[in-house]
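Okay, structure first, notes after.
Residue numbers (the numbering used here), protein chains in the order written: chain L, 1 to 278; chain E, 279 to 620.
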């Protein structure tokens, strides 16, 4: 047995502490490992969550490690595992492997920088981990700008936290929806890049972090380039099918890169020339 | 380590003693072709085979392999298969492929305990090729002869078999043979001649250029028309993946007992040519086009894996050429097209 005999596919038990319906499609979960230990993640990482008999799925960790010994996830009901997770109740048990993957460098090169977070839809979920980390250590960073775009007002996640971001004086927060769908809406309507002209950021002192649906990256990066951002000042978190999480199964490859190990957080300059990345 | 000369009858006796002593998988005829399977008697062993339908990798990473089992209230438990077995008749190119699997699954810090247990349970008897298959090109890939990974190497020569042990485990295996004469210098010369001949004759397709030039060649071939041309005929059936000794991608699935009290999580061979290989929940497919999947496989063999382990992940067994219904999977043809330019 290698690695001290540790089986890289063996999940640890975790208990559901809290469940909240967030939107029609998304539920919020708070988990605690049965061992009582923190998961030990950093912002940007993911874990493999499993339900016996149903299967395993890679899910972004949404909470900041600064927020205590539990960890949080938001799950959209789209597949077998996520569908079954939507039936979980507090006290139920899940299997967890991880954390896996690279992190937003909140303790590294993001320190002292101005930060521009660009989140589309469920892309807010992993980025929230970094946003909350930064807000918990607010003095370590410069100006913080958060842009959020959702399909409709009803698809907005963490509405209370978005309102709190909006109310903070040390954060600039702007949001948009693609379509109001007849709901009352006082903010911007249109794609997320429309918000770019409303913000003032200095490309020299700012690092941008992007996470959203596949189609969003190209346009967000084009917009950042127009603002004067260089590729090394842009971080992207990419979604792929991270089936094993340990660089073996091959499903999450982006050309020669393994999203589960080389990502999911990539410095854009490292993947700008990688054909399958964006 | 010992080098012996077995006469045909002595080899048969030795193999029968191995079968009496434990699990033995060996090459046998299957219709007009050959396959590795449980060996019941030495007479069934066909060391003169050309190529097996599936590579012996199936004993180290089975088509389906339990990883963990679970039960109601009992949590998860690792399933490790470490029952010893002997693998008889592994050709050099397949041995080279197993050596590559070792580099991937036994990598420091990322050891796959399931693979490791099977690998350590295996005693491998390799054998030099007697009859080249119709599509073998191991001679071009530097894998017509192999010098590591096995416990015993058998080479058919005029007058018998030169049998060399390469590990303490191999020594132990050979001990079951009883008294067998050492191979003479002349026998060793014969073996060398067989290996030299194999380097030259296992070239049913001739690769232009050196295999180690492939990563560089592929580095500038992303937009080459060959991907689209070949992929247009591709059925996305994944046969090329499934017969490949260096393909190891897998899916992980769960299965519950009919009692709903317990179940298992297992991995199962997957194939990057299949349409939904890179699809995520919600439906987005990151490698939707056939040409992208076709290209991905060649890049994995010729660039991505080599960049990780320093060896080209194609050993020239030629199985994909034989298995492909559309006759588009000849790696030599593809790589030679790239060498020629557009």
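Cβ atoms here follow ideal geometry from the backbone N, Cα and C, with glycine treated the same way.
Just checking: is the beta-carbon of residue i within a distance shorter than 7 Å of some beta-carbon in chain E?
i: residue 215 of chain L; result: no
i: residue 275 of chain L; result: yes
i: residue 263 of chain L; result: no
i: residue 79 of chain L; result: yes
i: residue 9 of chain L; result: yes
i: residue 199 of chain L; result: no
i: residue 87 of chain L; result: no
i: residue 2 of chain L; result: For residue 2 of chain L, the pLDDT reaches just 39, beneath the cut-off of 50, and the residue's location in the model is therefore unreliable, although a value from the coordinates is still provided. It does: the Cβ of residue 2 of chain L has a partner Cβ on chain E nearer than 7 Å.
i: residue 121 of chain L; result: no
i: residue 13 of chain L; result: yes
i: residue 95 of chain L; result: yes
i: residue 288 of chain L; result: With chain L running from 1 to 278 in the structure shown, residue 288 of chain L is simply not present.
Could you tell me the alpha carbon to alpha carbon distance between residue i and residue j, rounded to whole angstroms?
i: residue 329 of chain E; j: residue 11 of chain L; result: 39 Å
i: residue 364 of chain E; j: residue 355 of chain E; result: 27 Å
i: residue 63 of chain L; j: residue 128 of chain L; result: 7 Å
i: residue 331 of chain E; j: residue 79 of chain L; result: 35 Å
i: residue 2 of chain L; j: residue 147 of chain L; result: Model confidence at residue 2 of chain L stands at a pLDDT of 39, short of 50, so the residue's coordinates are unreliable; what they give is reported in the following sentence. Roughly 45 Å between the two C-alpha positions.
i: residue 257 of chain E; j: residue 508 of chain E; result: Chain E is shown only over 279 to 620; residue 257 of chain E falls outside these bounds and no answer can be derived.
i: residue 591 of chain E; j: residue 506 of chain E; result: 22 Å
i: residue 29 of chain L; j: residue 265 of chain L; result: 22 Å
i: residue 258 of chain L; j: residue 366 of chain E; result: 35 Å
i: residue 154 of chain L; j: residue 183 of chain L; result: 8 Å
i: residue 137 of chain L; j: residue 112 of chain L; result: 11 Å
i: residue 149 of chain L; j: residue 120 of chain L; result: 5 Å
i: residue 177 of chain L; j: residue 224 of chain L; result: 20 Å
i: residue 160 of chain L; j: residue 390 of chain E; result: 43 Å
i: residue 616 of chain E; j: residue 576 of chain E; result: 11 Å
i: residue 357 of chain E; j: residue 530 of chain E; result: 14 Å
i: residue 482 of chain E; j: residue 115 of chain L; result: 59 Å
i: residue 157 of chain L; j: residue 388 of chain E; result: 36 Å
i: residue 568 of chain E; j: residue 551 of chain E; result: 8 Å
i: residue 585 of chain E; j: residue 306 of chain E; result: 36 Å
i: residue 41 of chain L; j: residue 212 of chain L; result: 21 Å
Who are the neighbours of residue i on chain L, taking C-beta pairs under 9 Å?
i: residue 515 of chain E; result: Residues of chain L passing the Cβ test: none, with the nearest at roughly 18 Å.
i: residue 562 of chain E; result: 213, 214, 239
i: residue 284 of chain E; result: Residues of chain L passing the Cβ test: none, with the nearest at roughly 36 Å.
Identify every residue that forms a DSSP beta bridge with residue i.
i: residue 211 of chain L; result: L:119
i: residue 47 of chain L; result: L:59
i: residue 71 of chain L; result: L:31
i: residue 193 of chain L; result: Paired residue(s): none; residue 193 of chain L is not in a bridge.
i: residue 356 of chain E; result: E:346
i: residue 402 of chain E; result: E:365
i: residue 14 of chain L; result: L:33, L:94
i: residue 188 of chain L; result: L:176
i: residue 330 of chain E; result: E:312
i: residue 442 of chain E; result: E:281, E:431
i: residue 237 of chain L; result: L:265
Please report whether the beta-carbon of residue i lies at a distance below 7 Å from any beta-carbon of chain L.
i: residue 409 of chain E; result: no
i: residue 539 of chain E; result: no
i: residue 369 of chain E; result: no
i: residue 342 of chain E; result: no
i: residue 500 of chain E; result: yes
i: residue 353 of chain E; result: yes
i: residue 445 of chain E; result: no
i: residue 612 of chain E; result: no
i: residue 527 of chain E; result: yes
By the criterion of Cβ-Cβ separation under 7 Å, what are the contact partners of residue i in chain E?
i: residue 39 of chain L; result: Near residue 39 of chain L there are no residues of chain E at all, since even the closest Cβ is about 17 Å away, more than 7 Å.
i: residue 239 of chain L; result: 558
i: residue 260 of chain L; result: The premise fails here: residue 260 of chain L is roughly 11 Å from chain E at the closest Cβ pair, so nothing lies under 7 Å.
i: residue 54 of chain L; result: 532
Anything in chain E within Cβ reach of residue i, meaning under 9 Å, just list it in chain order.
i: residue 57 of chain L; result: 559
i: residue 256 of chain L; result: 577, 578, 581, 582, 583, 585, 586
i: residue 246 of chain L; result: 388, 390
For a test of your reading of the model: does the CB of residue i fall under 6 Å from any non-hydrogen atom of the ligand FMN? Yes or no.
i: residue 19 of chain L; result: For the structure depicted, the ligand FMN is absent and the ligand set is empty, with no information on it obtainable.
How would you list, in chain order, the residues of chain L whose beta-carbon sits under 7 Å from the beta-carbon of residue i?
i: residue 378 of chain E; result: Those do not exist, as residue 378 of chain E stays about 13 Å from chain L at its closest Cβ, beyond 7 Å.
i: residue 359 of chain E; result: Chain L residues near residue 359 of chain E: none, gap ~13 Å exceeds 7 Å.
i: residue 346 of chain E; result: 9, 10
i: residue 555 of chain E; result: 251
i: residue 598 of chain E; result: Simply none; closest approach about 17 Å.
Could you list which residues in chain L have their beta carbon closer than 8 Å to that of residue i, in chain order?
i: residue 356 of chain E; result: 7, 9, 10
i: residue 383 of chain E; result: 248
Under 8 Å Cβ-Cβ, which residues of chain E neighbour residue i?
i: residue 355 of chain L; result: As shown, chain L starts at 1 and ends at 278. That puts residue 355 of chain L outside it, with no answer to give.
i: residue 151 of chain L; result: Neighbours of residue 151 of chain L on chain E: none; closest Cβ ~13 Å, over 8 Å.
Task: Continuous beta strand (DSSP E) assignments of at least 3 residues falling wholly in the segment 511-557 of chain E - done: 528-534, 540-547
TODO: With a floor of 3 residues, list each beta strand (DSSP E) that falls wholly inside the segment 431-511 of chain E, ordered by position along the chain.
DONE: 438-443
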